[in-house]
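Following: one structure in structure tokens, then a few remarks.
Numbering (the UniProt record's numbering), first residue to last: 1 to 259.
Below, the structure written as structure tokens:
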């Protein structure tokens, strides 16, 4: 009997030892507050953070359309009690008005800016014109509420890059317009010179009659000058397209950040 009890005690001791050796995590702040008499549980109560409050604030729903407004004043179409009740519920709570999927983001950005960022995101996906300033403003507001390490520095760098690219695009656009105007003047002068030369060949005495006409033309451009101007214009247009593609790339990056 004693040997049987001793074997059971040994087995219980081994089980207890194996349980004691298991890697249980240590007590956390709430466990200590509940189990230890030296901690006051009221010390754990705190005010909510701004990003936590945003989770419980819904964006205002969009204004109902005219068709929905017509349903408010119109009588119910059904005559039965159940049908009229459903119609009244549909009038009071129209289901056609959809809440935005990202309600917390809409609450932080506000209705106008949220709609603008959604529109710009659609333009990014559709390869349309993108307002980078709108996306940057939305990213700054979200970063202020939901801090992300390095997001503020990246947004500032993108803003500087966008400003530089916009200035470069404006510079190259002005230069392309100026070169195109000069090329047009050179082409017009060349064609006028050719016309006057043809006229001079038809009228032998015209050169002696008006010797100052040729002096007013100034140095005439050659075909090499025209080709050089055209090549420069093409190069400027290529640089402009590259800058525009970089701006579109920034818009895509910001669109991904907003999503």
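Ideal Cβ placement from N, Cα and C applies to all residues, glycine included.
Of all alpha-carbon atoms in 2, 140, 112 and 173, the one lying nearest the alpha-carbon of residue 240 is that of 173.
DSSP places residue 21 outside any alpha helix (DSSP H), giving it a letter other than H or E.
The three-state secondary structure of residue 28, taken from DSSP, is coil. Note on geometry: alpha-carbon atoms of residue 182 and residue 113 lie some 44 Å from one another. Cα atoms of residue 177 and residue 160: separation of roughly 26 Å, rounded to the nearest angstrom. Taking residue 168 as reference, the option from 15, 4 and 236 with the minimal CA-CA separation is 236.
DSSP places residue 48 outside both helix and strand once states are collapsed to three, so it counts as coil. Just measuring C-alpha positions, the residue of 141, 140 and 117 sitting nearest residue 131 is 117.
For residue 164, the closest of 48, 16, 15 and 246 by C-alpha to C-alpha distance is 246.
By the criterion of a C-beta distance shorter than 8 Å, residue 134 is surrounded in its chain by 113, 116, 117 and 120, once the five residues flanking it on both sides are discounted. The DSSP-derived three-state label of residue 138 is helix.
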